[in-house]
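**Student:**
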Amino acid sequence: MSTVLVHAPAGIYQGLSRDGVNYFHSIDFLDLESRFAPAHPAAFEPQREFDATVMRPDEVALSITTPEDSRPGSDHPVVVYIHGGRFESGTHEDPRAEGTANALQGVVQVQLGYRVGFEGFVQFPGDEPHAYRGIDDCQIGLEWVQKNIEAFGGDPTNVTIMGQSAGATTALWLMRKDHYRGSFRRVVAMSPCYPRHSFQQRKGTLRTFFGKPITRRSFEKASDKRLRRTFKMFRTRYILDMALGPAPFDPDELADVPVLLASTRDEFYHDIGGKWADNLRDSAFKRWIIKKTSILMGLRKESYDLWKYAADKIDPEHTMGRSIGDTQIRRWVAWAGDSAPGDTWMLEFTKSTKPALHCDELRYIFGVHTVDIRDEKKAETSRILNDWVQSFIKTGEPKGLPQYRAQSEDDSRTVMCFNLQTGECTLEPGTLDYLYPAYPMDLDEMGF
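In our numbering, the protein residues as written are 666 to 1113.
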């Protein structure tokens, strides 16, 4: 292992080089007066040397992975990954999305951090209606990439943003017309998840738990203990939903940017409440609790029987788990796929002998198993998926996948199903079609 220096407009960054890849860890890109303060870019200090050899996973920062021979003018395609974590946790040093495999194939990867929890997603008086500090952090991170990534060998005109779970939600929010600034050319959004109500609709509940006005000053002065206690109560109140995050999702507000959408077929089979309901022995009570909970989570009452028929055809043993995954994730994927204004493709992750769960795809899609080859089958499957996604990152065209939306009345919506156990890819029609009549896809009906 050796060190490497990059001279960028923002500063001189010392990173690590090993086995054909350069690593630059935890680079600061924000200047925050306090944790609840509006986001501002860090000052550029082109003559100052910064140590980027040490991970600082708890800080809001970004990390960069590049091919060893990257130089200004190399013009490698760039992927910026935004981590998930329910808008309450996560790090820019997530090992599941580590960039070695991409760098070995000529892609510069940036992992981008942002403020989560109250710091990133409570709205204060005077904030713009669709603005959140956590999203603004990412916006500034993308601007930093535009101004500096060429020094690391990346092409600032060929940037793909990629997010999973809360990170996918953030990526789609950055696609909004009131946010999009041209700092990326395409989006990969895996399992996006949105709160079913806006922060303003929940503000009174938070005020009750916090016991003080919802102002920047009140939150700045509150002790960490008080904030932790308040968040625990607030999160528990919305246990069947995202407690925090940008809302409402409105595909009519999206800019015309190509987007590859994805979900896992069995997102939340592992949810504790879902497993409890699915394992109930009293069939009458089981049917009642699943129906009641599903409707509480947003499924249309009049469409429940039709949805359940479709869900049971997929898997009759995990109806509640499917309801949670459909409500929190797959409904949004379907809505975005049908309504986003630009070119749209759809990917669904499956498994043969076990459920394909939330986050299962991460190590495969980033090729992590190709670097750690203790399991040769995982390594080969990971190689197939990582190569396929790289084709989208490099060219904007996902190899062999037609667009999701039907191109004529005789066509159906097309989904590429990728088996994470076998590496098999199949094109299947309409795997998300059962969701369209089941959930409201109109802001008025959703209560916004």
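All residues carry an ideal CB built from backbone N, CA and C; glycine is no exception. Only a predicted model underlies this, so the values are computations on that prediction, with no experimental measurement involved.
Are three or more beta carbon pairs between the segment 890-898 and the segment 1034-1051 nearer than 8 Å?
**Tutor:** No, because fewer than three Cβ pairs between the segment 890-898 and the segment 1034-1051 fall closer than 8 Å, the two stretches do not touch.
**Student:** For T730 and F689, I'd like the C-alpha separation in whole angstroms.
**Tutor:** Straight-line Cα distance between these residues: approximately 6 Å.
**Student:** On the premise that G828 lies in contact with Y746, defined as a C-beta separation below 8 Å, what is that separation, rounded to the nearest angstrom?
**Tutor:** Confirmed, about 7 Å.
**Student:** Helix, strand or coil for Q993? Go by DSSP, reduced to three states.
**Tutor:** Note: Q993 maps to helix in three-state DSSP.
**Student:** Using a threshold of 8 Å, state whether the C-beta atoms of P742 and D820 are closer than that.
**Tutor:** Cβ atoms of P742 and D820: closer than 8 Å.
**Student:** When you compare each of D1076, I692 and V725 to E710 by their alpha carbons, which one comes out closest?
**Tutor:** Considering only alpha carbons, the answer is I692.
**Student:** If contacts are defined as beta-carbon pairs under 8 Å, then E1089 and V1080 qualify, I think. What distance do you get, rounded to the angstrom?
**Tutor:** The Cβ separation is near 14 Å, so there is no contact.
**Student:** Tell me, which residues are paired with G680 by DSSP?
**Tutor:** According to DSSP, which records beta bridges pairwise, G680 is partnered with V669.
**Student:** Would I1097 pass as a contact of R1078 if the rule is Cβ separation under 8 Å?
**Tutor:** Sequence inspection shows Leu at residue 1097; the Ile mentioned does not correspond to that position. Contact: yes.
**Student:** With C1024 as the anchor, note down where its alpha helix (DSSP H) starts and where it stops.
**Tutor:** C1024 -> no alpha helix (DSSP H), and no H or E assigned at all.
**Student:** May I have a chain-ordered list of the beta strand (DSSP E) segments no shorter than 3 residues that lie completely inside the segment 725-769?
**Tutor:** Counting only runs of 3 or more, we get 727-732 and 741-747.
**Student:** Helix or strand or just coil, what does DSSP make of L925?
**Tutor:** Strand.
**Student:** On the DSSP bridge list, what partners appear for A854?
**Tutor:** Answer by DSSP bridge pairing, in chain order: G828 and L926.
**Student:** Taking three-plus beta-carbon pairs below 8 Å as touching, is the segment 772-784 in contact with the segment 850-866?
**Tutor:** The segment 772-784 vs the segment 850-866: no contact.
**Student:** Which of the three DSSP states, helix, strand or coil, is assigned to I692?
**Tutor:** The answer is strand: DSSP assigns I692 an E or B state.
**Student:** Between M1111 and P1105, what straight-line distance do the alpha-carbon atoms span, to the nearest angstrom?
**Tutor:** About 6 Å.
**Student:** Within this structure, are the beta carbons of E1062 and S928 separated by less than 8 Å?
**Tutor:** No; because the gap between Cβ atoms is not below 8 Å, this pair is not in contact.
**Student:** For S667, which residues in the same chain have their Cβ closer than 7 Å to its Cβ, ignoring the five residues on either side in sequence?
**Tutor:** So the list reads S682, once near-sequence residues are dropped.
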